[in-house]
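Asker: Pasting in a structure now, in structure tokens, and then I'll have a few things to ask.
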Amino acid sequence: MIEFQSVTKRYDDGATAVDDLDLRVETGSITVFVGPSGCGKTTSLRMVNRMLDPTSGRILVDGKDVMESDPALLRRGIGYVIQHSGLFPHRNVLDNIATVPMLSGEKKPRARARARELLDVVGLSEELAERYPAQLSGGQQQRVGVARALAADPPILLMDEPFSAVDPVVRDELQDELLRLQAELDKTIVFVTHDIDEAVKLGEKVAVFREGGKLAQYDEPSKVLRQPADEFVAGFVGRDRGYRGLSFVEPGAFTLQTVPTTRFGEPLDGPTRDWTLALDEQDRPRGWLAPGTVPDGVVTQSALSPNGSLYLEGSPLRGALDSALSSPANFAVVVDGEGTFRGVVPSQTVLETIEGSKPERAADV
Amino acid sequence: MFDELGEFLGSANTRAAILGDLGQHVYLALLPLVVGVVLAIAIGAVAHRTRRLRGFFLVPANLIYTLPSLALFVVIPGIIGTRILDPVNVIVALSLYTTALLIRPVIEALDSIDASVVAAATAMGYRPLRRFFAIQLPLAVPVLAAGVRVASVSNISLVTVGAIIGTGGLGVLFTDGFAREYFAPIIVGIVLTLLLALVVDLVLVAMRKFLTPWQRGVST
Amino acid sequence: MIGDIVSWLGDPAHWTGPNGIWPRLWEHLGFCLLALGIATVIAVPLGAFVGHTGRGGVVLVGLANIVRALPTLGLVTFLFLIFTESKPATIIGLVVLAIPPILAGTYSGIASADERALDAATGVGMTGWQRLFQVEFPIAIPLLLGGIRNAMLQLVATTAVAAYVGLGGLGRLLLDGLAVLDYPKVVAGPCSPRCWRWQPISCSPGSSASSCRTGCGSPQPSPRDAAWRPSRPPRRRPHEAQTVRRAVRGRPARRLR
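Chains as they are written, first to last, in our numbering: chain A, 4 to 368; chain B, 917 to 1136; chain C, 16 to 272.
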């Protein structure tokens, strides 16, 4: 657990970088500090491993004031990942990863063996072990950076805009990878970003900072999106936050309706009156038959209008919207984890649900 | 001119004397190079830290480098109390030059290192001294090497001036040839000085390659 | 020692006499500026050509490096033996040494011009010459001046060495002082020429140079020879034997002792 207690950081030129910050980062969670540049999010992060010292207030790591620790020893116990990876250009991948164990006095062969295991953990191939950082792609470098931070198995990981320098596709991959890793490793992670999407995707809790180093809101991401604490947060989260809100699961948001169904590969009983959904033997949707389709032998793929996307029950609203909009019948087709048909939701209902889940303060923006 | 040269080099005694001069020259040029590199790294590491310290060291460094070598060779004994013909004078003077010449490259080399790399090293838990030797110094080699090459060529050339005040080295061949109005030693001296500069330069390039394996095959 | 220096400098006779500081200083500056002028006239067009056309850059850098390694003293003594007179020998030597920095400065200055600026220049219809004079030269000026400054620094130092072959200038003071171990005189040499911050100087190089023919170009011995010659190790004998042979062959060796 990391605790900020009335932490203020003022620079020599009088600028206040962090203003009276009170915040608690729970053990085993990902907490994201987000905000525009110059809002003190990075400064706050850097005070945890004493890259900077607070002007006043205390920072406790597992109940111990960091100012009481030797900075070098404190840092060896806290993983740190930065933008542009900060890898040592003159050391190969293995030696980069082995840095902290070697600093702590580990013998080289053991440190390297551990580094080799970590390559696999962060999804890098063994072949890269002897390469130098300049011979890696940006995404690979970031993975090495994460591996290096994990090498000494620190309970805490500080990540300072680690993915902001890579292209969006790779960034997405790295984010997924981080979530997967976190599910295995259960670290206490503080993650700094200026990208609200990244914050919402990764954070179990999000701390929104504003200029002048003030904490504007500290909450679960869905709350930050739906109930921004003030104008600033609302503005920062942006106009399209309604759409972002679709990313959240709405348990039991929809009452499922039924539609006529028919069996794929068997003859129709008679002409269809409404949109009819064709299901295969496992009850998986195959496509729609338009109203007024006249029986002509068995139902084949060519008779069907394509389904569009399916909405997995319990998944974010965005999927329901997709499904409703892509369906020729204007129904979102709901399936369960096995792909079995569960029911439909009329697109009107989906839209109304989204309306209903809009942030309360939307009118202010 | 060529038969003069043959005549000159034909004597075994002359060849032995030249070899001695060459050895002395190498010693007089390279010892200051080593001393200068070490001093410049130490001073540069300190000066690198703040802007004010930079000026404090760079201004005198620039001034020293503008002093004529002959003047320095002659004045140094008065300052450090050696005899006027002592080779130590040349060594001290050239060490001063080398240091003065290299302080700026050292600072620039340290500046050229990506700040995020140094920050990462600090965040990994390096203490400043170890960080300097394990991270900053190795990464400074490419830029520093260029400065050292210039200093080595300059030193090798400047040692010859020492012959005027009577210290050894290949410069003796020039004073000698001048005094006798004799081309051969002068030509031999010039050629050997140039060759020595070339060989030392090649050695430095090889050392740089050896010290920076991470730069191989990377276009930087 | 400091006191000695101050009192030596305080004596007006040491400033204005024929071997005083002022004449020596003017001489020194004169030689520097003459060599600088000649070198500039040669190096700037050459550097501009290479920078403008982009041809011969590699050769030029290689040559500049070789000249940098060329020992000043060797070059000057070599040229002296060819011309048997100190002035042309040292002037040529100084010019050779001053060319590379100016050449490098001009070349890199011209080559540093932004491609787009050059494109634009061609685009608005400038000829090659117009482009050179109206675009490339103005852009090159800072680096070019830097090259000239470096050349001047080197000249000031090297001109001191040239005193060895009988040229005047402040090096004369050094060597004369060295000969009689007159320390204040030696110090006056290097401390006076703040040449690198040169201001417009009214003296003409030619006149100052002509007033200084002393030293070992002339047949009579100067005291400095006595001072440094004996320090040479006795193993020089083989050369001396040969010199005697040469003397026997007809041309008298220039032995000053």
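The beta-carbon is built from N, C-alpha and C at its ideal position, and this holds for glycine as well.
1. Is the beta carbon of C/Ala63 less than 8 Å from the beta carbon of C/Val110?
2. Beta-carbon within less than 8 Å of B/Leu946's beta-carbon, same chain only, minus the 5 sequence neighbours each way: which residues are those?
3. Could you name the residues of the same chain whose beta carbon sits closer than 6 Å to that of A/Lys12, not counting the 5 residues immediately before and after it, in chain order?
4. Would you please verify whether the beta carbon of B/Leu986 is less than 8 Å from any beta carbon of chain C?
5. Quick one: is B/Ala1039 buried, meaning 16 or more other Cβ sit within 10 Å of its Cβ, or exposed?
6. Need the endpoints of the beta strand (DSSP E) that A/Ala61 sits in, please.
7. Counting only beta-carbon atoms, is B/Glu1097 nearer than 8 Å to chain C?
8. Measure the Cβ-Cβ separation of A/Glu29 and A/Met50 and say whether it is below 8 Å.
9. Interface residues of chain A around B/Ala1039 at Cβ under 7 Å?
10. Just to confirm, is the Cβ distance from B/Phe1094 to C/Phe95 under 8 Å?
11. Is A/Trp291 helix, strand or coil when you go by DSSP?
12. Less than 8 Å between the C-beta atoms of C/Thr87 and C/Leu112, yes or no?
13. Under 8 Å, do A/Ala232 and A/Val37 count as touching if we go by C-beta distance?
14. So if I threshold CB-CB distances at 7 Å, which residues from the stretch 161-192 of chain C count as touching chain B?
15. With a threshold of 8 Å between beta-carbons, can B/Leu946 be considered close to chain C, or not?
16. Are the C-beta of B/Leu1055 and some C-beta of chain A separated by less than 8 Å?
17. DSSP state of A/Asp2, grouped into three classes?
18. For B/Thr1109, decide whether its Cβ has a neighbour in chain C, counting only Cβ atoms nearer than 8 Å.
19. According to the Cβ coordinates, are A/Gly82 and A/Leu161 closer than 8 Å?
20. Comparing the CB of A/Leu307 with every heavy atom of the ligand NAD, is any distance shorter than 7 Å?
21. Touch check for the stretch 175-182 of chain A and the stretch 201-217 of chain A: three-plus C-beta pairs under 8 Å?
22. Closer than 8 Å is the cut-off here; do at least three beta carbon pairs connect the stretch 254-268 of chain A with the stretch 341-351 of chain A?
23. Have a look at B/Leu969, B/Gly936 and B/Leu1018 and flag the residue whose alpha-carbon is nearest the alpha-carbon of B/Leu949.
24. Within the continuous beta strand (DSSP E) that includes A/Gly346, where are the two ends?
25. Using 8 Å for Cβ pairs, my map puts A/Pro136 next to A/Gln145. What's the rounded Cβ distance?
26. Kindly indicate which residue of C/Asp191, C/Leu190 and C/Gly183 has the alpha-carbon position closest to the one of C/Glu100.
27. Would you say C/Ile36 faces chain B, with C-beta separation under 8 Å as the test?
28. The beta strand (DSSP E) that contains A/Leu315, what's its start and end?
29. If we define contact as Cβ-Cβ less than 8 Å, is C/Pro328 a contact residue for chain B?
30. What three-state label does DSSP hand B/Leu1086 in the structure shown?
31. 8 Å is my cut-off, CB to CB: does A/Ala202 come that close to chain B?
32. With DSSP collapsed to three states, give me the class of A/Phe257.
33. Can you name, in chain order, every residue of its own chain whose Cβ lies under 8 Å from the Cβ of A/Pro298, other than the five neighbours on each side?
34. Against B/Ser927, what residues of chain A qualify as contacts under a CB-to-CB distance less than 8 Å, listed in chain order?
35. So, with DSSP's three-state summary, where would you put A/Ala75?
36. Please return the same chain residues whose Cβ sits closer than 7 Å to the Cβ of A/Pro158, not counting the five positions on each side in sequence.
Answerer: In terms of the structure at hand:
1. Against the third sequence, residue 63 of chain C aligns to sequence position 48. Against the third sequence, residue 110 of chain C aligns to sequence position 95. Cβ distance not < 8 Å, so C/Ala63 and C/Val110 don't count as in contact.
2. As a working mapping, residue 946 of chain B is identified with position 30 in the second sequence. Correct list, in chain order: Ser1068, Asn1071 and Val1116.
3. If you number the first sequence from 1, residue 12 of chain A lands on position 9. Closer than 6 Å at the Cβ level, and outside the excluded window around A/Lys12, lie Ala20, Val21, Thr46, Pro57 and Thr58.
4. As a working mapping, residue 986 of chain B is identified with position 70 in the second sequence. Yes, B/Leu986 lies at the interface with chain C (some Cβ there is under 8 Å from its Cβ).
5. Reading the second sequence from its first residue, position 123 is the one you call residue 1039 of chain B. With 16 or more other Cβ atoms inside 10 Å of its own Cβ, B/Ala1039 counts as buried.
6. Counted from its first residue, the first sequence places residue 61 of chain A at position 58. Reading off the sequence, residue 61 of chain A comes out as Arg, not Ala. A/Arg61 -> beta strand (DSSP E) spans Ser59 to Val64.
7. Locating residue 1097 of chain B in the second sequence gives position 181, counting from the first residue. Closer than 8 Å: yes.
8. Taking the first sequence and counting its residues from 1, one reaches residue 29 of chain A at position 26. Taking the first sequence and counting its residues from 1, one reaches residue 50 of chain A at position 47. No; because the gap between Cβ atoms is not below 8 Å, this pair is not in contact.
9. Taking the first residue of the second sequence as 1, we reach residue 1039 of chain B at position 123. The answer, in chain order, is Asn52, Met54, Arg78 and Tyr83.
10. Locating residue 1094 of chain B in the second sequence gives position 178, counting from the first residue. Locating residue 95 of chain C in the third sequence gives position 80, counting from the first residue. The answer is yes: Cβ separation under 8 Å.
11. By 1-based counting over the first sequence, the position of residue 291 of chain A is 288. Of the three classes helix, strand and coil, the one that applies to A/Trp291 here is strand, per DSSP.
12. Counting from one through the third sequence, the residue named residue 87 of chain C turns up at place 72. Counting from one through the third sequence, the residue named residue 112 of chain C turns up at place 97. Yes, they are a contact pair.
13. The sequence position of residue 232 of chain A within the first sequence is 229, counting from 1. The sequence position of residue 37 of chain A within the first sequence is 34, counting from 1. No, Cβ-Cβ distance for A/Ala232 and A/Val37 is not below 8 Å.
14. Leu168, Val171, Ala172, Ala175, Val176, Tyr179, Val180, Gly186 and Leu189
15. Taking the first residue of the second sequence as 1, we reach residue 946 of chain B at position 30. Not one chain C Cβ lies under 8 Å of B/Leu946.
16. Translated into the one-based positions of the second sequence, residue 1055 of chain B becomes position 139. Closer than 8 Å to some Cβ of chain A, the Cβ of B/Leu1055 qualifies, so yes.
17. Since the first residue shown for chain A is 4 and the last is 368, residue 2 of chain A is missing from the structure and cannot be characterised.
18. Counted from its first residue, the second sequence places residue 1109 of chain B at position 193. Yes, its Cβ sits closer than 8 Å to a Cβ of chain C.
19. Taking the first residue of the first sequence as position 1, residue 82 of chain A is located at position 79. Taking the first residue of the first sequence as position 1, residue 161 of chain A is located at position 158. Yes, the Cβ-Cβ distance between A/Gly82 and A/Leu161 is below 8 Å.
20. In the structure shown, the ligand NAD is absent, as is every other ligand, since no ligand is present at all.
21. The stretch 175-182 of chain A makes contact with the stretch 201-217 of chain A, as at least three CB pairs between them are under 8 Å.
22. Inter-segment contact for the stretch 254-268 of chain A and the stretch 341-351 of chain A is present: three or more beta-carbon pairs are separated by less than 8 Å.
23. The count along the second sequence starts at 1 and reaches residue 949 of chain B at position 33. Residue B/Leu1018 is the option with its Cα nearest to B/Leu949.
24. Here residue 346 of chain A refers to the residue found at position 343 when the first sequence is read from its first residue. First-last of the beta strand (DSSP E) with A/Gly346: Phe344 to Pro349.
25. Here the question's residue 136 of chain A lines up with position 133 in the first sequence. Here the question's residue 145 of chain A lines up with position 142 in the first sequence. Their Cβ separation, rounded to whole angstroms, is 11 Å, which puts A/Pro136 and A/Gln145 out of contact at 8 Å.
26. Taking the third sequence and counting its residues from 1, one reaches residue 100 of chain C at position 85. Minimum Cα distance to C/Glu100 is reached at C/Gly183.
27. Here residue 36 of chain C refers to the residue found at position 21 of the third sequence. No, C/Ile36 lies away from the interface with chain B (no Cβ there is under 8 Å from its Cβ).
28. The residue you call residue 315 of chain A lines up with position 312 of the first sequence. Start and end: Leu313 to Leu315.
29. This structure does not reach residue 328 of chain C, given that chain C is present from 16 up to 272, and the question cannot be answered.
30. Counting from 1 along the second sequence, the entry for residue 1086 of chain B is found at position 170. If DSSP states are grouped into helix, strand and coil, B/Leu1086 belongs with coil.
31. Numbered from its first residue, the first sequence carries residue 202 of chain A at position 199. No - not a single Cβ of chain B is within 8 Å of the one on A/Ala202.
32. Residue mapping note: residue 257 of chain A aligns to position 254 of the first sequence, counting from 1. Of the three classes helix, strand and coil, the one that applies to A/Phe257 here is coil, per DSSP.
33. Indexing the first sequence from 1 puts residue 298 of chain A at position 295. For A/Pro298, where only same-chain residues beyond five positions count, the Cβ hits under 8 Å are Pro270, Leu271, Asp272, Gly273 and Pro274.
34. If you number the second sequence from 1, residue 927 of chain B lands on position 11. Chain A residues near B/Ser927: none, gap ~51 Å exceeds 8 Å.
35. For this step, residue 75 of chain A is matched to residue 72 along the first sequence. Helix.
36. As a position in the first sequence, residue 158 of chain A is number 155, starting the count at 1. Same-chain partners within the cutoff: Lys190 and Thr191.
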